[in-house]
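Position 99 of the sequence shown, counted from 1, bears residue number 99 in the UniProt record's numbering, the numbering being contiguous throughout. For every residue, glycine included, the Cβ atom is placed at its ideal position computed from N, Cα and C. One structure is given here, and the rest of the page talks about it.
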Amino acid sequence: MTPSVEEQSVKSRTQMRAVVAKTYGSADILRVEEVPTPIPEDDEVLVRIHATVVGPPDSAAREGRPFLIRFFNGLRRPTAVPGNVFAGQIVAVGRDVMQFAPGDDVFGTAAPGSGAHAEYLCLPADGAVAVMPSELTYSEAAAVCDGGLTAMAFLEDHAHLQAGESILVNGASGSVGTAAVQIASALGATVTGVCSTANVELVRSLGAETVVDYKTTDFAATDTTYDVIFDAVGKRPYSTCKESLAPGGRYLTTVLSTRILLQMLSTRLIGDKRASFAATGLGAAETKREHLHTLRELVESGAFRPVIDRAYALDDIADAHRYVDTGHKVGSVLVTVE
Numbered sequence: 001m002t003p004s005v006e007e008q009s010v011k012s013r014t015q016m017r018a019v020v021a022k023t024y025g026s027a028d029i030l031r032v033e034e035v036p037t038p039i040p041e042d043d044e045v046l047v048r049i050h051a052t053v054v055g056p057p058d059s060a061a062r063e064g065r066p067f068l069i070r071f072f073n074g075l076r077r078p079t080a081v082p083g084n085v086f087a088g089q090i091v092a093v094g095r096d097v098m099q100f101a102p103g104d105d106v107f108g109t110a111a112p113g114s115g116a117h118a119e120y121l122c123l124p125a126d127g128a129v130a131v132m133p134s135e136l137t138y139s140e141a142a143a144v145c146d147g148g149l150t151a152m153a154f155l156e157d158h159a160h161l162q163a164g165e166s167i168l169v170n171g172a173s174g175s176v177g178t179a180a181v182q183i184a185s186a187l188g189a190t191v192t193g194v195c196s197t198a199n200v201e202l203v204r205s206l207g208a209e210t211v212v213d214y215k216t217t218d219f220a221a222t223d224t225t226y227d228v229i230f231d232a233v234g235k236r237p238y239s240t241c242k243e244s245l246a247p248g249g250r251y252l253t254t255v256l257s258t259r260i261l262l263q264m265l266s267t268r269l270i271g272d273k274r275a276s277f278a279a280t281g282l283g284a285a286e287t288k289r290e291h292l293h294t295l296r297e298l299v300e301s302g303a304f305r306p307v308i309d310r311a312y313a314l315d316d317i318a319d320a321h322r323y324v325d326t327g328h329k330v331g332s333v334l335v336t337v338e
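Right, here's the structure in full:
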């Protein structure tokens, strides 16, 4: 098979532009520099990244907090190009790869690895990568991955959410929250979303039957109970949500803390309510790939649409981080790689 023009260009190019950080700290440490272009092994694909995202996990990785992150990212300083969610086009494949070909438009995640904040990314062909929905742009596909993969893992793999159950999503206007509202609705659950006044109509349009404006109402102070409470922003601890759980209810949070680890243990020993945290990025590639296929089906059926706050160029990566650090984003913050 004759190599494409893009393949020939990649093979002749030894350097690419990528985000680097030589220490942990604020957004000011981020730079775009020339680094070696990765070369795919026999079982890998090389993706030309067209869109990626910046979210709270990227800020945490940049800061090296909690400290546990540094065991994956470098104890004293970051050792790899950041970023994991991506959408782009395959430009080269290893000789053992049969399921993909150059020219395929794909989306996915490199987690628990990284490297997506760059022009090119190598990853295993049997990793968390799939052909993206044809009707989406690269930016939209990256946004679907951003919150969608995390929400899918929490709701299906950990909450085991069933049709007819009730779920409250706290932080329903963020990237994970907007995805969770849509996925829970598609699963047949009765969805309540919690967000600020400005985002009430957005969350309702995504499928929430009830929307609680946290600026005027504390959901935990009402008599309503839920089968599942998903704290997609990690701001309402289990202790304040316990009474809002129905018998046998499940509480889940996206933020790791010593408190939630102790509550996970105690709720498994006492009572019928459960508290959980899950490091979804560490999940099996096969499971993530299945979730990507499900997300593609939801997009194609019209049950899921990406929510994008704003987009930045790769050279403006520090500005993207600064905006995410404000804690006020709605949906996903995209980074385009041209």
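Would you be able to state if there are at least three C-beta pairs under 8 Å between the segment 317–333 and the segment 49–68? Judged by Cβ distances under 8 Å, the segment 49–68 makes contact with the segment 317–333, as three or more pairs qualify.
Using only the alpha-carbon positions, how far apart do residue 320 and residue 332 sit? Their Cα atoms are separated by approximately 11 Å.
What first and last residue would you give for the beta strand (DSSP E) that runs through residue 107? Element bounds for residue 107: 105–109.
Neighbourhood of residue 34 by C-beta, 6 Å cutoff - its chain only, sequence neighbours within 5 removed: Excluding five sequence positions before and after residue 34, the CB atoms of its chain that fall closer than 6 Å to its own CB belong to 15, given in chain order.
Skipping 5 residues on each side, what residues in its chain have a beta carbon closer than 6 Å to that of residue 306? Once the five neighbours on either side are set aside, the close Cβ partners of residue 306 are 140, 143, 144.
Report, in whole angstroms, the separation of the C-beta atoms of residue 109 and residue 85, which I expect to be a contact under 8 Å. With 8 Å as the limit, residue 109 and residue 85 qualify as a contact, their Cβ atoms being about 5 Å apart.
Looking at residue 198 and the ligand ADP, is the gap between the Cβ and the nearest heavy atom below 7 Å? Looking for the ligand ADP in the displayed structure turns up nothing, as the structure carries no ligands at all.
If we call anything under 8 Å between Cβ atoms a contact, is residue 276 one with residue 250? Contact flag set, yes.
Among the candidates 255, 260, 229, whose CA atom is the shortest distance from the CA of residue 247? Ranking 255, 260, 229 by CA distance to the CA of residue 247 puts 229 first.
Between the CA atoms of residue 153 and residue 300 - distance to the nearest angstrom: Inter-residue distance for residue 300 and residue 153 is about 20 Å (C-alpha atoms, whole angstroms).
Would you identify the three-state DSSP class for residue 1, choosing helix, strand or coil? The pLDDT assigned to residue 1 is 45, lower than 50, so where the model puts this residue is not dependable, and the model offers no usable value.
Residue 129 to residue 224, Cα distance in whole Å? Spanning the two alpha carbons is a distance of roughly 40 Å.
Where in the segment 4–92 do unbroken runs of the beta strand (DSSP E), each at least 3 residues long, occur, reported from the N-terminal end onward? Correct list: 15–20, 31–36, 44–54.
Check the DSSP bridge columns for residue 229 and list the partner residues they point to. Residue 229 is bridged by DSSP to 168, 251.
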